[in-house]
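Chemist: Start counting at 1 in the sequence shown, then tack on 2, and there's your number in our numbering.
Please see the structure below; I have some questions.
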Amino acid sequence: MSAHEAAQVRVSVYEHEVKALLSEAGVPVPRGVVGRDLDFSRAAELAEPLVLKAFGPGLVHKSDVGAVALGLSRDELEAAAAGMRARLDVAGFLVEEQAEAGVELIVGLVRDPGFGPVLLAGLGGVWTEALRDTALRLCPISEEDARRMLASLRGSSLLYGRRGGPPVDVDAVVKLLMTVGGPGGLWERLELGEFELNPVIAGPSGVIAVDARYLPSPEPAGSGTSGAATDFLPLFEPRAVAVVGASTTRPNFGNMFLGFYRAAGIPLVAVHPSASEVAGVPAVPSLAEADVDYALVAVPAERCAEVVRQAYGVPFVQVMSGGFGEAGRPELEAELVEAARAAGTRLLGPNCMGVYCPRGRQTFVGGGLGPAGSVALISQSGGLAGEVIKVGERRGLAFSRVATVGNSADVTPAELLRWLARDPQTRAVGLYLEDPRDGRELSEALRSAEMPVVLLVGGRTGQGQEAAASHTGGMVSDRRVWEAVAEQAGAVLVSSQDDLIGVLAYFQAHGSRASGADGVLVVGPSGGASVLAADAFDLAGVRLDPLPGEAPDALRGLGVVASGNPLEVPVGPLGRAALVPDVIAALLRHRAYRDVVLHVNVQAFFTYGDAAEPLYAYARAVAGAQEALPGTRIALVTRNGECAPAGVEDEVRRIAAAAGIPVYRSMEAAAVAVAAGGLYGAA
Ligand code: ADP
Ligand code: MG
């Protein structure tokens, strides 16, 4: 059966039945009558012009098959109906009053497989697919969500009546959106499936839903979230750890972990069926005999459940091994979860790497522990987590806690996020996700987290659900749902590992700085770089306001022309290192800025000689500016850093970091971080 046929078979609620439901819920619909035969005498009570619509099991997109006739008089109904009956398999007819023309909107609901009911609203009618101008939110929406959805449409001016046309009753549209997707709305009562009002005609004196489509589908079984909240502290700071699976003869992953843990200096025991020690680490025959807070299991998938069943009294077990759900063996994964429940332990993974927490001597990466800090990371990919730790530390990040969760069969990203959001050691959280498992739970955890959360999502396809029978289904893609999740929660959605690190570095440095001001000032050498800086910020959604009116006078004494924002100030090996800080100080006397972004062309310091010292002097002057302006968020962009000899960039970064300044290698990266910063603690 094709997707289209499947959709047709699923049609079981006819338009007039959906409209009855709508009317009851308070959504205006046209007055109409339904006839199974060709007797339209009951249409006498309706005001002309009339609309005739045929319905039947195969009639999904009615206008496509000629099952809608508009602008009819009563006298014309019989003939129009006979024509439809001759061509189509008709179960009956709906005759209704024709609403006055207005702005045609689409309002729809679908159940996203990860996040549950999603509301879509946008420009509708015959142009729906061509315009694809819609906004998405997870249900329930707030009234503010509804207004922001409408305002975000490219064609929003049609609603607000800017082009001379009469404005639309936006409050009525908002009320309709709330009735469909708000608290206690239709989304709670419908079995989604798909539900769509297309079009809703909006005019100056209200809205009316002239078409309604509802394709029920049985609700998926609830995932049944766990009971009491778990304290994850022993996961990150265990008293002692056990490693299951290291070999006395053939070194494997388990042996590698024994090495990491030994180097980290945490009390350690190996679990081995026969040996009394493995690679110099004392061994016990079973987890039941290990007095530890955390066990890492690295044995073949088939044997994991048996190992986990012995984990009485061990609060956390991490199963590193793959070969479960991700390899098409969900039954092995279910058995593993069952074993963890039976042993009373919480399971991380399977198919992950481990936990990293310098404070707790927890690790899964070689090369020693980095500094303890305030940035947390939850990752469904162990490999990516390792990269973010190593690259991030190189770029100055210091981690509070990192957990890899792989398939998230038991402990989910949402559950960890809730705990981390209350962890006194953590001030910002990064998340790398591929399949959130319980999307609704995750979106609630995101909404309730009050600290900055940065999301990187892998596998966000832009494609809507293929089998969708409604426009709504076809326009709800993974990418758009994640955008809605982030928007509703006030979380930052980034699109690369580099931006994940860059935005986390921004929050690490500036998370608690607040000047009470908004606005971004960009300062650096003149020319194309300044022009491109403006473009980079524009692309990231950050507007650079003009300089304050006092700028020309304030800067004249320093010999600087108030060229605009970005402000062009010479920065180079021959210039005065403190010129830029002096310029900032002079300007900020007249207007505060939330962010000041300074850029420098590193190449200019090295092409004609080795001028590392002037570059360091500049960095020190910038550091001094940050110390003098504790509420202002300064960022430094070191463009063309590859032209500097080895070690120079690290030294610049070190000088900046000591003053709490994040350093970026491109304007684009800085712009993404500064834009993200606008979501938190602006004032
Ligand atoms: P379809 O199944 O093709 O989506 P609709 O019921 O939406 O059929 O009708 C097609 C178009 O006809 C609508 O987009 C709308 O412009 C117009 N229309 C349908 N019913 C009415 C009505 N009662 N009043 C005004 N216009 C209507
Ligand atoms: Mg329609």
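Here a beta-carbon is modelled for each residue, glycine too, at the ideal position from N, C-alpha and C.
Let's see if you can read the secondary structure: which residues bound the alpha helix (DSSP H) around N567?
Modeler: Indexing the sequence shown from 1 puts residue 567 at position 565. Premise fails: N567 is in no alpha helix (DSSP H) and is neither H nor E.
Chemist: I want to know whether the region 315 to 328 touches the region 404 to 414 - three or more CB-CB distances under 8 Å.
Modeler: Yes, since at least three Cβ pairs between the region 315 to 328 and the region 404 to 414 fall closer than 8 Å, the two stretches touch.
Chemist: Shorter than 7 Å, the distance from the beta carbon of D213 to the closest heavy atom of the ligand MG, or not?
Modeler: In the sequence shown, the residue the question calls residue 213 occupies position 211. Correct: D213 has its Cβ closer than 7 Å to the ligand MG.
Chemist: Pick helix, strand or coil for A684, following the three-state DSSP scheme.
Modeler: Numbered from its first residue, the sequence shown carries residue 684 at position 682. Because the pLDDT at A684 is just 47, under 50, the model does not fix this residue reliably, and the point stays unresolved.
Chemist: Specify, as a first and last residue, the run of the alpha helix (DSSP H) that S532 falls within.
Modeler: The residue given as residue 532 occupies position 530 in the sequence shown. Start and end: 530 to 541.
Chemist: Once DSSP output is grouped into helix, strand and coil, what is the label at E106?
Modeler: As a position in the sequence shown, residue 106 is number 104, starting the count at 1. Here E106 sits in strand by DSSP.
Chemist: If I measure Cβ to Cβ from G184 and keep anything under 6 Å in the same chain, skipping five residues before and after, which residues do I get?
Modeler: Residue mapping note: residue 184 aligns to position 182 of the sequence shown, counting from 1. Answer for G184: P142, I143, listed in chain order.
Chemist: In this structure, does DSSP put A677 in helix, strand or coil?
Modeler: Numbered from its first residue, the sequence shown carries residue 677 at position 675. Here A677 sits in helix by DSSP.
Chemist: If you draw a straight line from the alpha carbon of S249 to that of G256, how long is it in whole angstroms?
Modeler: Residue 249 sits at position 247 when you count from the first residue of the sequence shown. Residue 256 sits at position 254 when you count from the first residue of the sequence shown. S249 and G256: Cα-Cα distance of roughly 7 Å.
Chemist: How should E50 be labelled, buried or exposed, when 16 other C-beta atoms within 10 angstroms of its C-beta is the threshold for buried?
Modeler: The residue labelled residue 50 in the question sits at position 48 within the sequence shown. E50 should be labelled exposed.
Chemist: Are the Cβ atoms of L399 and I503 separated by less than 8 Å?
Modeler: Position 397 of the sequence shown holds residue 399. Position 501 of the sequence shown holds residue 503. Contact: yes.
Chemist: Less than 8 Å between the C-beta atoms of L140 and T474, yes or no?
Modeler: Here residue 140 corresponds to residue number 138 of the sequence shown, with the count starting at 1. Here residue 474 corresponds to residue number 472 of the sequence shown, with the count starting at 1. No, these two residues do not count as a Cβ contact at 8 Å.
Chemist: Measuring CA to CA, which of R482, A148, V390, V367 is closest to R134?
Modeler: By one-based count along the sequence shown, residue 134 stands at place 132. Closest by alpha carbon: R482.
Chemist: Given that a residue counts as buried once 16 or more other Cβ atoms are within 10 Å of its Cβ, and exposed if not, what is G126?
Modeler: In the sequence shown, residue 126 corresponds to position 124, counting from 1. Buried, because 16 or more other Cβ atoms sit within 10 Å of the Cβ of G126.
Chemist: Answer yes or no: do L194 and V246 have a C-beta to C-beta separation smaller than 8 Å?
Modeler: Numbered from 1 along the sequence shown, position 192 holds the residue referred to as residue 194. Numbered from 1 along the sequence shown, position 244 holds the residue referred to as residue 246. No; because the gap between Cβ atoms is not below 8 Å, this pair is not in contact.
Chemist: What is the DSSP secondary structure of E452, counted as helix, strand or coil?
Modeler: The count along the sequence shown starts at 1 and reaches residue 452 at position 450. Three-state DSSP puts E452 in coil, outside helix and strand.
Chemist: Express the C-alpha separation of A447 and G679 in angstroms, rounding to a whole number.
Modeler: Locating residue 679 in the sequence shown gives position 677, where the first residue counts as 1. Locating residue 447 in the sequence shown gives position 445, where the first residue counts as 1. Cα to Cα, G679 sits roughly 20 Å from A447.
Chemist: Suppose you measure from the CA of M669 to the CA of V544; what does that come to, to the nearest Å?
Modeler: Here residue 669 corresponds to residue number 667 of the sequence shown, with the count starting at 1. Here residue 544 corresponds to residue number 542 of the sequence shown, with the count starting at 1. Rounded to the nearest angstrom, the two C-alpha atoms are 12 Å apart.
Chemist: What residue from A56, M151, A27 has the CA that sits closest to T136's CA?
Modeler: Translated into positions along the sequence shown, residue 136 becomes position 134. Cα-wise, what sits closest to T136 is M151.
Chemist: In whole angstroms, give me the CA-to-CA distance for A231 and L506.
Modeler: What you label residue 231 is simply residue 229 of the sequence shown in a count that begins at 1. What you label residue 506 is simply residue 504 of the sequence shown in a count that begins at 1. C-alpha separation (whole angstroms): 27 Å.
Chemist: If you follow the alpha helix (DSSP H) that F259 is part of, which residue opens it and which one closes it?
Modeler: Numbered from 1 along the sequence shown, position 257 holds the residue referred to as residue 259. Counting along the chain, the alpha helix (DSSP H) containing F259 begins and ends at 255 to 266.
Chemist: Assign S25 to one of three DSSP states: helix, strand, or coil.
Modeler: Start at 1 with the first residue of the sequence shown, and residue 25 comes out as number 23. Note: S25 maps to helix in three-state DSSP.
Chemist: According to DSSP, is L79 helix, strand or coil?
Modeler: For the purposes of this step, residue 79 is taken as residue 77 along the sequence shown, with counting starting at 1. The answer is helix: DSSP assigns L79 an H, G or I state.
Chemist: Where F326 and V29 are concerned, what is the direct C-alpha to C-alpha distance, given to the nearest angstrom?
Modeler: Within the sequence shown, numbered from 1, the residue matching residue 326 stands at position 324. Within the sequence shown, numbered from 1, the residue matching residue 29 stands at position 27. Each residue's Cα considered, the two are about 48 Å apart.
Chemist: Are the Cβ atoms of G342 and R348 separated by less than 8 Å?
Modeler: Position 340 of the sequence shown holds residue 342. Position 346 of the sequence shown holds residue 348. Here residue 342 is Ala; the residue named in the question, Gly, does not match the sequence. In this structure, R348 lies closer than 8 Å to A342 by Cβ.
Chemist: Starting from the N-terminal side, write out each stretch of the alpha helix (DSSP H) that is 4 residues or longer and does not extend beyond the region 400 to 476.
Modeler: Listed in chain order, the complete alpha helix (DSSP H) runs (minimum 4 residues) inside the region 400 to 476 are 415 to 422, 441 to 450.
Chemist: Within the region 323 to 381, note down every full alpha helix (DSSP H) run reaching 4 residues or more, in order along the chain.
Modeler: The qualifying runs are 332 to 345.
Chemist: Under the three-state reduction of DSSP, which class applies to E279: helix, strand or coil?
Modeler: Taking the first residue of the sequence shown as 1, we reach residue 279 at position 277. Strand at E279.
Chemist: Going by the DSSP bridge assignment, what does A248 pair with across the sheet?
Modeler: Locating residue 248 in the sequence shown gives position 246, counting from the first residue. The partner list for A248 (beta bridge, DSSP) is empty, contrary to what the question assumes.
Chemist: Comparing C-alpha positions only, which one of M355, S402, G662, S383 sits nearest to G372?
Modeler: By 1-based counting over the sequence shown, the position of residue 372 is 370. That would be S402, whose Cα lies nearest to the Cα of G372.
Chemist: For the ligand ADP, is there a heavy atom less than 7 Å away from the beta-carbon of G127?
Modeler: Here residue 127 is taken as the residue at index 125 of the sequence shown, counted from 1. Yes, the ligand ADP has a heavy atom inside 7 Å of this Cβ.
Chemist: By how many angstroms is the C-alpha of S445 removed from the C-alpha of L590?
Modeler: Here the question's residue 590 lines up with position 588 in the sequence shown. Here the question's residue 445 lines up with position 443 in the sequence shown. Approximately 39 Å, taken between the alpha carbons.
Chemist: For A684 and N603, I'd like the C-alpha separation in whole angstroms.
Modeler: On the sequence shown, residue 684 is found 682 positions in, with the first residue counted as 1. On the sequence shown, residue 603 is found 601 positions in, with the first residue counted as 1. Since pLDDT at A684 reaches only 47, below the 50 mark, its modelled position is unreliable, and the value read off the structure follows with that caveat. Going from the Cα of A684 to the Cα of N603 covers about 29 Å.
Chemist: From I586, Y595, S276, pick the residue whose C-alpha is nearest to that of A623; which is it?
Modeler: On the sequence shown, residue 623 is found 621 positions in, with the first residue counted as 1. The shortest Cα separation from A623 among I586, Y595, S276 belongs to I586.
Chemist: What did DSSP end up calling I503 once you bin it into helix, strand or coil?
Modeler: Your numbering for residue 503 matches position 501 in the sequence shown. Reduced to three states, the DSSP call for I503 is helix.
Chemist: So, for G1: in the same chain, excluding its five sequence neighbours on each side, which residues have a beta-carbon less than 8 Å away from its beta-carbon?
Modeler: For residue 1 there is no data in the structure shown, the boundaries of the chain being 3 and 685.
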